[in-house]
Amino acid sequence: QKEVEQDPGPLSVPEGAIVSLNCTYSNSAFQYFMWYRQYSRKGPELLMYTYSSGNKEDGRFTAQVDKSSKYISLFIRDSQPSDSATYLCAMFDNAGNMLTFGGGTRLMVKP
Amino acid sequence: KAGVTQTPRYLIKTRGQQVTLSCSPISGHRSVSWYQQTPGQGLQFLFEYFSETQRNKGNFPGRFSGRQFSNSRSEMNVSTLELGDSALYLCASSSQGAMGYTFGSGTRLTVV
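So, in structure tokens, the structure goes:
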């Protein structure tokens, strides 16, 4: 079993929908949680990060971390076709100079 | 400012050959990390270099190696290529460990 699990999708939604992307993890030492977006033929780019449990909002994006359940989420409000990409969760512990990634969820937002 | 530059972008090699990939980090970034991305395994950590020293290493065989030069540019080498080494190889540079990664666009390696 992988340390970080993520539903691969694809997830197809109409423009304007609220999107929920999720990851579960098994290593309780993880303290920093991040979401990356990766467009085709590009490297991942950091969207948001949170430390420990709680919520963080940035524009249309909200990240949630529930360490008690080892579950993290990314919500995208008013989704746009330009949001179509693969979304990767990633995390690391306090030692952390390497990221452990989920497998990524492919999102398609249809006009 | 210029981003992380990886060369070449695409590469086709034959089984048994070796290959060297290059990564030029963002100016001022001293940490360079390498990841392998495949459809089956996702992104997996290969190694990290900081100030010319390997600081962390992932769970890959010894055929995978790397180095970092005094100007922070990094290379990774894969010897005796196998079909399963076909992947997108991503380099990320940072001034503050895994928190501040900026990824390059990757080198797509195909082994035939």
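If you're matching them up, the sequences are chains A and B in order. Position 27 of the first sequence, counting from 1, maps to 27 under this note's numbering, and the rest follow consecutively. Position 66 of the second sequence, counting from 1, maps to 1066 under this note's numbering, and the rest follow consecutively. Just so it is clear, CB atoms sit at the ideal spot from N, CA and C, and this is done for glycine as well. Quick caveat: nothing in here was measured; it's all calculated off a predicted structure.
* Residues of the segment 29 to 45 of chain A with a CB closer than 9 Å to any CB of chain B: list them in chain order, please. => Across the segment 29 to 45 of chain A, CB contacts with chain B closer than 9 Å involve TYR32, MET34, TYR36, GLN38, ARG41, LYS42, GLY43, PRO44, GLU45, in sequence order along the chain.
* Asked: Comparing alpha-carbon positions, which option in A/GLY102, A/TYR32, A/VAL109, A/MET108 lies nearest B/PRO1039?
  -> It is A/GLY102 whose Cα lies nearest to the Cα of B/PRO1039.
* To do: Note the first and the last residue of the continuous beta strand (DSSP E) segment covering A/PRO14.
  => Here the beta strand (DSSP E) through A/PRO14 covers 11 to 14.
* To do: Rounded to whole angstroms, what's the CA-CA distance from B/THR1051 to B/LEU1011? Just pull it up for me.
  => According to the sequence shown, residue 1051 of chain B is Ser rather than Thr. Annotation: B/SER1051 to B/LEU1011 spans about 28 Å, alpha carbon to alpha carbon.
* To do: Under 8 Å between beta-carbons, which chain B residues line up against A/GLY102? List them in chain order, please.
  => Within chain B, the residues near A/GLY102 are GLY1042.
* Buried or exposed: which applies to A/GLY43, given that a residue is buried once 16 or more other Cβ atoms fall within 10 Å of its Cβ? -> Classification of A/GLY43: buried, given that the 10 Å Cβ count is 16 or more.
* Nearest-angstrom beta carbon gap, B/ARG1030 and B/SER1072 [assumed within contact, 8 Å] -> Cβ-Cβ separation between B/SER1072 and B/ARG1030: approximately 6 Å, consistent with a contact (criterion under 8 Å).
* In chain B, which residues lie with their C-beta within 9 Å of the C-beta of A/LEU88? -> Listed along chain B are GLY1042, LEU1043, each with a C-beta nearer than 9 Å to that of A/LEU88.
* To do: Going by DSSP, name the residue or residues bridged to B/PHE1064.
  => B/PHE1064 is bridged to B/VAL1078.
* To do: Starting from B/MET1099, follow the beta strand (DSSP E) in both directions and report where the run begins and ends.
  => From DSSP, B/MET1099 is part of no beta strand (DSSP E); its letter is neither H nor E.
* To do: For A/ALA63, count neighbouring C-beta atoms within 10 Å of its own C-beta (all shown protein chains included) and say buried if the count is 16 or more, exposed if not.
  => With 16 or more Cβ atoms within 10 Å of its Cβ, A/ALA63 is classed as buried.
* Asked: Can the beta-carbon of B/GLY1058 be found less than 7 Å from the beta-carbon of B/PHE1045?
  -> Cβ distance < 7 Å, so B/GLY1058 and B/PHE1045 count as in contact.
* Asked: Quick one: does B/PHE1060 have its CB under 7 Å from some CB of chain A?
  -> No, its Cβ sits nowhere closer than 7 Å to a Cβ of chain A.
* **Whole-number beta carbon distance between A/LEU11 and A/ARG106, since they are thought to touch under 8 Å** => The pair is a contact, with the Cβ atoms about 7 Å apart (cut-off 8 Å).
* To do: Check whether the Cβ atoms of A/PHE30 and A/MET98 sit closer than 7 Å, and answer yes or no.
  => No, the pair does not count as a contact, with Cβ atoms beyond the cut-off.
* Asked: Out of curiosity, what's the CA-to-CA distance linking B/THR1080 and B/GLN1018?
  -> Rounded to whole angstroms, B/THR1080 and B/GLN1018 show a C-alpha spacing of 5 Å.
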